[in-house]
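If you read the sequences in order, they're chains A and B. The UniProt record's numbering numbers the first residue of the first sequence as 1 and each following residue consecutively. The UniProt record's numbering numbers the first residue of the second sequence as 1 and each following residue consecutively. The C-beta atom is built at its ideal place from N, Cα and C for all residues, glycine as well. Remember, predicted model here, so these are calculated numbers, not experimental data. Read through the structure below, which is laid out as structure tokens, and then see the notes.
There are 2 protein chains.
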Amino acid sequence: MARSAPKPLGELALIEQISRTFSSAGAARNKAVALGIGDDCAILRPPPGHEILVTTDFSLENRHFRRDLHPPASVGHRCLARGLSDLAAMGAAPLAAFLSLALPAKILRTRRGQRWVQDFLAGFHSLARQHNTPLAGGDTSESPADLILADIILIGSAPRGRSLRRSDAHPDDALYVTGSLGGAHAELSALLKRTHRSRSTASDSHPHLYPQPRLAVGSVLLRRHLATAAIDLSDGLSTDLTHLCESSGLRAEIDSSALPLHSLTAKLSRQDALHAAVHGGEDYELLFAAPTAMRIPRKIADVPITRIGTLHPPRAGKPLITLHHGGDISSELKPAGWQHFSS
Amino acid sequence: MARSAPKPLGELALIEQISRTFSSAGAARNKAVALGIGDDCAILRPPPGHEILVTTDFSLENRHFRRDLHPPASVGHRCLARGLSDLAAMGAAPLAAFLSLALPAKILRTRRGQRWVQDFLAGFHSLARQHNTPLAGGDTSESPADLILADIILIGSAPRGRSLRRSDAHPDDALYVTGSLGGAHAELSALLKRTHRSRSTASDSHPHLYPQPRLAVGSVLLRRHLATAAIDLSDGLSTDLTHLCESSGLRAEIDSSALPLHSLTAKLSRQDALHAAVHGGEDYELLFAAPTAMRIPRKIADVPITRIGTLHPPRAGKPLITLHHGGDISSELKPAGWQHFSS
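So, in structure tokens, the structure goes:
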């Protein structure tokens, strides 16, 4: 936790609060953290023969969350979930998280603000503990605007050369997704129609507020050599499948009736539910490719796995992604992932 | 470079611009980067037997820099220098940098804004190339305010168990600093008096705009077992020496006449020059401890090394840091590092 200038008292108290919150799930419980918060750098010692995976994700107020819409515990949870999901997509295990957090002066100085921070850290900490991820450092600052600004860094590890990339799918591989799709979009739409902030807590029924990163599934895919390629569904199936196809130099055919729709989409029309599932984004499920001959379990780590389509070599005149609707009816699926509510 | 929502065209162009800028100093030139920008995570492969060092540092407009004061190349340079200096303080070598960058919509859309980004990246890239540090990923976003927000993450490595900590100094160790002190404060004071933005470029004579992280010195200190403890002077000698003393459980006696003052402090009164040197901050020199019997070269990697004092066991009634002014005159030095110009 390097610092460029002396911290005002509020910031020192914040660092103290962060250290206290995380001491229980902290360095002591994870052998990989040789030195945590308090020096110029943290020191990590990954298992021998492992490579290091690194991802960084902003969580900026009014871009990635809204204070009037998201309970603080959800903001903390989602902030960490984004990074953990990136590790899951590569089949990696988390070694440590780092949090850069800038808070408005008002938050540091008011009781209400301090409660916000406490709940934010509790949401972050709860998910961190669940995935044995110590907070090993970061940075703090007073925010230059009346906006909460966070950047979350996740460091993970995987056996050398074994990390799942999005570029290694083969022609004729089958395509699978974990869990269900469209739930995050459906919950967000419902939240936007409400006038008061939700008081929900973390559970499977809140795919937008408390998404569950699929680390256990990713780990099994890697360990048992099940997948050739994987990506997490952060931008929506249409966008993320486009990334996988482009990276692997392939095209995809998807069966729309095979898509596992989240139960929260049941209230929507068939068309809206399908739209939420293919363009919705932020479901943080995994999309992966596996040889057709590979027997993929129906559940991995208790998470349902659904085959949704097949990859093919590119062919002139064929779109990158074809969505089959039954019978002879099909359409081109273009990347049109979910737009931020703020823009 | 994971993404939570589809990027507007400006952001895609930005990622493209970043990739282009860094391709020359990029993954190809650093064997440690097995996979750079473009997947859910970057993959790093540190040298066998090495531990991993991680540091994150915000560079937020109006907190850490001002657009009317700092040329964009300086903002990019300083942003990276902060992280590199943290690695230098532990004796580590950089493996890769990650940049989370949020830009106001106006910057992405105007020619002037695009030039700002180009110069910012050029400043960042120039220092990165100098220290063989590829940019391996990060995040991009539209800023939620009319403010440029950056968070820089540095990953480095050092032989396992050999990283220099601030907590391992011994009683009777001598204290040394690299380079000279007070220059950053003196240059900033001069900048604040000017009306127009400086057009300076990187060189040793701009300790505030273009500080030089002491990676080569840190590396020699570690390799040759010269230092018992080290810290970088980011907050100012009074604050950073306090950290070192507290972490090591020791007190320090400093000889004020031994402090190597930067030539830019020559225009100041003796008292103001001393103030800049002990409280100024952001000099990004190294402060290190070494056994008195150890022969420390006068220069390491071409950087002058100056002995400034000695560490002692704590004693009741003695302050944590005593500053000796010659003869019998001495005073207590309390941490009172440099305050941000914005606060």
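| request: Inspect the beta-carbon positions of residue 308 of chain B and residue 226 of chain B and report whether they are closer than 8 Å. | output: Cβ distance not < 8 Å, so residue 308 of chain B and residue 226 of chain B don't count as in contact.
| field | CA nearest to the CA of residue 180 of chain A, picked from A:46, A:174, A:68 and A:263 | value | The residue with the shortest Cα to Cα distance from residue 180 of chain A is A:263.
| query | What's the C-alpha gap between residue 216 of chain A and residue 214 of chain B? | reply | So the two alpha carbons sit approximately 42 Å from each other.
| query | Which residues, taken in chain order from the UniProt domain "PurM-like C-terminal" (171-273) of chain B, show a beta carbon closer than 7 Å to some beta carbon of chain A? | reply | Taking a C-beta cut-off of 7 Å against chain A, the contacting residues of the UniProt domain "PurM-like C-terminal" (171-273) of chain B are 231, 232, 234, 235 and 239, listed in chain order.
| field | Cβ neighbours of residue 11 of chain B in the same chain (closer than 6 Å, five flanking residues each side left out) | value | Non-local C-beta neighbours of residue 11 of chain B in its own chain, meaning closer than 6 Å and more than five positions away in sequence, comprise 140, ordered along the chain.
| What is the rounded straight-line gap between the Cα of residue 106 of chain B and the Cα of residue 209 of chain A? | Distance between the alpha carbons of residue 106 of chain B and residue 209 of chain A: 31 Å.
| So which residues of chain A does residue 166 of chain B contact, with C-beta pairs closer than 9 Å? | Residues of chain A passing the Cβ test: 38, 39 and 40.
| query | Taking Cβ positions, are residue 231 of chain B and residue 322 of chain B nearer each other than 8 Å? | reply | Against a cut-off of 8 Å, the Cβ pair of residue 322 of chain B and residue 231 of chain B comes out as no contact.
| request: Within its chain, find whatever has a CB closer than 6 Å to the CB of residue 147 of chain A; leave out the 5 residues flanking it on each side and keep chain order. | output: So the list reads 61, once near-sequence residues are dropped.
| query | Counting Cβ pairs closer than 8 Å, one from the segment 102-121 of chain A and one from the segment 237-244 of chain A, do we hit at least three? | reply | Touching, no, given that fewer than three Cβ pairs across the two stretches are closer than 8 Å.
| field | Residues near residue 85 of chain A in its chain [Cβ-Cβ closer than 6 Å; skip 5 each side] | value | Within the same chain, residue 85 of chain A has close Cβ partners 213, 232 and 284.
| query | Just curious, the beta strand (DSSP E) that residue 50 of chain B is in, first and last residue? | reply | Residue 50 of chain B -> beta strand (DSSP E) spans 50-60.
| Beta-carbon separation (whole angstroms), residue 157 of chain B vs residue 149 of chain B, contact threshold 8 Å | Distance from residue 157 of chain B to residue 149 of chain B at the Cβ level is roughly 28 Å; contact not present, criterion being Cβ atoms closer than 8 Å.
| request: Work out the CA separation of residue 125 of chain A and residue 152 of chain B for me, nearest whole Å. | output: Computed Cα separation, rounded: 23 Å.
| query | Could one say the Cβ of residue 278 of chain A lies closer than 8 Å to chain B's Cβ atoms, at least one of them? | reply | Taking 8 Å as the threshold, the shortest C-beta distance from residue 278 of chain A to chain B does not fall below it.
| task | Within its chain, find whatever has a CB closer than 7 Å to the CB of residue 50 of chain A; leave out the 5 residues flanking it on each side and keep chain order. | result | By the criterion of a C-beta distance shorter than 7 Å, residue 50 of chain A is surrounded in its chain by 157, 158, 159 and 160, once the five residues flanking it on both sides are discounted.
| request: Using a Cβ cut-off of 8 Å, pull out every chain B residue sitting near residue 119 of chain A, in sequence order please. | output: Those within 8 Å of residue 119 of chain A in chain B number zero; the least Cβ separation is about 21 Å.
| request: For chain B, find out if any of its Cβ atoms is closer than 8 Å to the Cβ of residue 45 of chain A; answer yes or no. | output: At least one chain B Cβ lies under 8 Å of residue 45 of chain A.
| Which stretch, first to last residue, makes up the beta strand (DSSP E) that contains residue 98 of chain B? | First-last of the beta strand (DSSP E) with residue 98 of chain B: 93-103.
| task | Could I get the ranges of all uninterrupted alpha helix (DSSP H) runs contained in the segment 88-170 of chain B, with 4 residues as the minimum, in chain order? | result | List check, alpha helix (DSSP H) in window: 105-109 and 111-130.
| Is it true that the CB of residue 83 of chain A sits closer than 8 Å to the CB of residue 57 of chain A? | Going by C-beta atoms, residue 57 of chain A is nearer than 8 Å to residue 83 of chain A.
| query | From residue 90 of chain A to residue 40 of chain B, what distance separates their C-alpha atoms? | reply | About 7 Å.
| query | Under a Cβ-count criterion, where at least 16 other Cβ atoms within 10 Å of its own Cβ denotes burial, should residue 173 of chain B be classed as buried or exposed? | reply | With 16 or more Cβ atoms within 10 Å of its Cβ, residue 173 of chain B is classed as buried.
| query | Which stretch, first to last residue, makes up the beta strand (DSSP E) that contains residue 330 of chain A? | reply | Here the beta strand (DSSP E) through residue 330 of chain A covers 330-332.
| Of all the options B:136, B:326 and B:245, which has the alpha carbon lying nearest to the alpha carbon of residue 259 of chain B? | Considering only alpha carbons, the answer is B:326.
| Buried/exposed call for residue 244 of chain A, threshold 16 Cβ in 10 Å | Buried, by the Cβ-count rule.
| task | Determine, using beta carbons only, whether residue 332 of chain B comes closer than 8 Å to chain A. | result | Chain A, which has no Cβ nearer than 8 Å to the Cβ of residue 332 of chain B, makes this no.
| message | Taking the alpha-carbon of residue 320 of chain B as reference, which of B:328, B:303 and B:310 has the nearest alpha-carbon? | response | When only C-alpha atoms are compared, the closest one is B:310.
| What residue from B:188, B:95, B:20 and B:45 has the CA that sits closest to residue 71 of chain B's CA? | When only C-alpha atoms are compared, the closest one is B:188.
| query | Which of the three DSSP states, helix, strand or coil, is assigned to residue 275 of chain A? | reply | Residue 275 of chain A: helix per DSSP, three-state reduction.
| Test: residue 98 of chain B CB closer than 8 Å to a CB of chain A | Chain A has a Cβ within less than 8 Å of the Cβ of residue 98 of chain B.
| request: Report all residues from its chain with a CB closer than 7 Å to the CB of residue 35 of chain B; omit the five preceding and five following residues, and keep chain order. | output: Here the set comprises 42 and 43.
| query | Is residue 52 of chain A close to chain B, meaning its C-beta is less than 8 Å from at least one C-beta of that chain? | reply | Chain B contact via Cβ: present.
| Are the CB atoms of residue 211 of chain A and residue 301 of chain A nearer to each other than 8 Å? | Not a contact, by the Cβ cut-off of 8 Å.
| From this set, B:55, B:183, B:138 and B:66, which residue's C-alpha is nearest residue 280 of chain B's C-alpha? | The option with the nearest alpha carbon to residue 280 of chain B is B:183.
| query | Rounded C-beta distance between residue 75 of chain B and residue 123 of chain B? I'm assuming under 8 Å. | reply | Correct: roughly 7 Å between the Cβ atoms.
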